[in-house]
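These notes concern the structure reproduced below.
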Amino acid sequence: SCPMNSGNTRGYNDVIESCMCTPGYHGPNGGVCTACPEGTFKPMTGVNICRQCPSGTSSSTGAAFCSCAEGYEPFPLTGCRACDEGFYKDFIMNATCVPCPLYSTSSSSGSVSLSNCTCTFSSGSAIQGCYAFESTTSVREPDNSE
């Protein structure tokens, strides 16, 4: 039987050297398979090495592929692009960036946290809530007490 995180794809069940590390794990055929470190990946079965994730992507330990990093979202043809101003993404996943809350924005692209969103009106913080106050002029009734 093959060691943990490896499999036999050649059909030689009694030959340990035919066991190869599964995607996300690296090591010699028939040997111990170790998880690829965070930020690296290995997409195929075999003795291939773990490769560094491309710019704008990341991975967890033992990954077979990379996903868009914090502050990045999927983009056709180029892989991942930085979140636009006014958006953020605080997790590793191929998902779209999240808009900053009402009355707040982020000042730069690629924001990685809600705390990067700042209020555009009054005081407060995006985390606690931003409030827009309209200026009002009070109208008084005429004084007819003569």
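In my numbering, the protein residues as written are 17 to 162.
All C-beta atoms in this analysis are idealised placements derived from N, C-alpha and C, irrespective of residue type, glycine included.
Query: Own chain residues within Cβ distance below 6 Å of E157, not counting five before or after; Result: Because E157 carries a pLDDT of 43, less than 50, the predicted location of this residue cannot be relied on, and no value is offered for it.
Query: Enclosing beta strand (DSSP E) for N110 [first to last residue]; Result: Neither: N110 is in no beta strand (DSSP E) and is coded neither H nor E.
Query: Exposed unless 16 or more other CB atoms sit within 10 angstroms - verdict on S71; Result: exposed
Query: Residue ranges of each beta strand (DSSP E) within the segment 43-129, 3 or longer; Result: 88-91, 95-98, 120-122
Query: Own chain, CB closer than 8 Å to T56, minus 5 neighbours either side, in chain order; Result: C66, R67, Q68, C69, S75, A79
Query: Per-residue DSSP class, three states only, for T131; Result: In the sequence as displayed, the identity of residue 131 is Ser instead of Thr. Helix at S131.
Query: Straight-line gap, S34 to G47 (C-alpha atoms, nearest Å); Result: 10 Å
Query: Neighbourhood of P90 by C-beta, 7 Å cutoff - its chain only, sequence neighbours within 5 removed; Result: C84, C96, N110
Query: As assigned by DSSP and simplified to three states, the class of S22; Result: strand
Query: Residues near C18 by beta carbon distance below 6 Å, same chain, minus five either side; Result: N24, C35
Query: Cβ-Cβ separation, G87 to G126 (assumed contact under 8 Å), whole Å; Result: 4 Å
Query: Own chain partners of T112 with C-beta closer than 6 Å, once the 5 adjacent residues on each side are dropped; Result: E89
Query: With 16 other Cβ atoms within 10 Å as the buried cut-off, status of T77; Result: exposed
Query: C-beta contact flag for C116 and S124 at 8 Å; Result: no
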